[in-house]
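> Protein chains in written order, with my numbering: chain A, 1 to 210; chain B, 1001 to 1263.
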């Protein structure tokens, strides 16, 4: 019997100064990408989410991206941009698929759902955007600095929610992070982006992971 | 009808000249523009008067078609020029021009054949002014709507892409801005219809009354024109916004702002 294909398979992806990037991501992987700003981390995530035109190919569970309708692909390969966008008046209006994670897990109260978006703080928006993305039940999460605006306590809460989601839904995570301690806490693979290519790094505290 | 002489027009021109002098005294730099525009009005209208005279006398379908196409192409250029972030390449011209062709020509031909029923249907005394009215108004609607659409796509790209990231199709992600664009393209004619006769006497009706037509006849024509303009503007705006919003996305439903020109 042949080995099952990786959850997400990226081959020779190129976009502007990014690439060529070839990457296999398996169920349960949490892959962190670091690099200076402007090195193309966000471009890489955008290309994987198929928001930008790019060269190369991507497969999900062995199925080519080109055989999957774009809006379905983006549900299954869900991207969390660095700044969340809100376009309806109330928070609740943005949650068409319900909520998969209890809000108290990320330090929010249920009443926040009834609030006008205008009254949210940037940290609240960032956490709610993550919950909104998870309610689509993506198989692969592309997270662009998901804890950038958060205090240490909420950062840990968000990390826990993401890890738990990854385990419960047999998902994988590609996580852009600058924080070395965070990489040690969440990642099982770490890459530095350099001249557009991914360079594998060792993670000092990896032994606790297994 | 009072025949106008060259002296009558010169008297009216002296008012414009006076205005130019006054604004020159007030250090306003509008006087040059004002004079150039006034001269253009006189020259352009005289020329089109002569062209219409020739075409009315010949009454051939060929000439009517030629003039119609020329009017369409000039209107298309105008629509393109009025957009700050128009589509690059020939799309910038074609999106508006094709929509105008679709709406103005269809509505004009419908009015000529079904409503007016002159023989032949392309009788230039009816065809040319009707088409001119329709082109002039659909031109406004389409230019406003396309400008609004491309502006919104540019300014709200974060929201549009966020909606794509959450799995919305391109037409869902742009729906709000599409509606706004259609609305702003149609508001002028809706307002004009609502205010007609109360706040303003429409230009065409005024012209007919000055030319000696009975007011009730002039009113009937004005109502006809208003309805045709509303239909034409609506159709044209819908077509332009549909074509435009489709063009904002590629085959993988990505928002393609690089298809827009920078102002």
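C-beta atoms are modelled at their ideal positions from N, C-alpha and C, and glycine is treated no differently.
How many angstroms separate the CA atom of residue 143 (chain A) from the CA atom of residue 1132 (chain B)?
For residue 143 (chain A) and residue 1132 (chain B), the distance between alpha carbons rounds to 55 Å.
> What residues from the region 31 to 63 of chain A come within 9 Å of chain B, judged by C-beta to C-beta, listed N to C?
Result list: 46, 49, 50, 51, 52 and 53.
> Using a threshold of 8 Å, state whether the C-beta atoms of residue 1236 (chain B) and residue 1142 (chain B) are closer than that.
Yes.
> Which residues of the region 1150 to 1164 of chain B have a Cβ closer than 9 Å to any Cβ of chain A? Give them in chain order.
The region 1150 to 1164 of chain B vs chain A, Cβ under 9 Å: 1156, 1158, 1159, 1160, 1161, 1162, 1163 and 1164.
> What residues of chain A sit near residue 1252 (chain B), judged by a beta carbon separation below 8 Å?
The contacting residues are 50, 53 and 70.
> What residues of chain B sit near residue 74 (chain A), judged by a beta carbon separation below 7 Å?
Correct list: 1164, 1165 and 1167.
> Nearest to residue 1148 (chain B) by CA position, among B:1176, B:1076 and B:1074, is which residue?
Closest by alpha carbon: B:1176.
> Does residue 8 (chain A) come within less than 8 Å of chain B when only Cβ atoms are used?
Taking Cβ atoms only, chain B never reaches closer than 8 Å to residue 8 (chain A), which makes this a no.
> So, under 8 Å CB-CB, residue 31 (chain A) and residue 189 (chain A) are touching, yes? Tell me the CB distance rounded to an integer number of Å.
Sure, about 4 Å apart at Cβ, within 8 Å.
> When you compare the CB positions of residue 185 (chain A) and residue 145 (chain A), do they come within less than 8 Å of one another, or not?
Taking 8 Å as the Cβ cut-off, residue 185 (chain A) and residue 145 (chain A) do not qualify as a contacting pair.
> Using only CA atoms, which one of A:24, A:26, A:39 and A:27 lies nearest to residue 197 (chain A)?
With distances taken between Cα atoms, residue 197 (chain A) lies closest to A:39.
> Give me the Cα-Cα distance between residue 1054 (chain B) and residue 1120 (chain B), rounded to the nearest whole angstrom.
If you take the alpha carbons of residue 1054 (chain B) and residue 1120 (chain B), they lie about 17 Å apart.
> Does DSSP put residue 1001 (chain B) in a helix, in a strand, or in coil?
Of the three classes helix, strand and coil, the one that applies to residue 1001 (chain B) here is coil, per DSSP.
> Can you grab the Cα-Cα spacing for the pair residue 73 (chain A) / residue 1167 (chain B), in whole Å?
Near 8 Å, if we compare the C-alpha coordinates of residue 1167 (chain B) and residue 73 (chain A).
> According to DSSP, which residues form a beta bridge with residue 191 (chain A)?
Answer by DSSP bridge pairing, in chain order: A:33 and A:200.
> Throw me the rounded Cβ distance for the residue 1233 (chain B) and residue 1186 (chain B) pair, which I believe falls under 8 Å.
Confirmed, Cβ separation roughly 6 Å.
> Taking the alpha helix (DSSP H) that residue 1014 (chain B) falls in, what are its first and last residues?
1006 to 1025 is the span of the alpha helix (DSSP H), which, as asked, contains residue 1014 (chain B).
> Terminal residues of the continuous beta strand (DSSP E) containing residue 174 (chain A)?
Its beta strand (DSSP E) spans residues 172 to 176.
> Tell me the start and end of each unbroken alpha helix (DSSP H) in the region 1159 to 1187 of chain B that is at least 4 residues and wholly inside, in chain order.
Segments of the alpha helix (DSSP H) lying fully in the region 1159 to 1187 of chain B: 1170 to 1173.
> Grab me the residues of residue 155 (chain A)'s own chain with a C-beta within less than 6 Å of its C-beta, minus the 5 sequence neighbours each way, in chain order.
Once the five neighbours on either side are set aside, the close Cβ partners of residue 155 (chain A) are 147.
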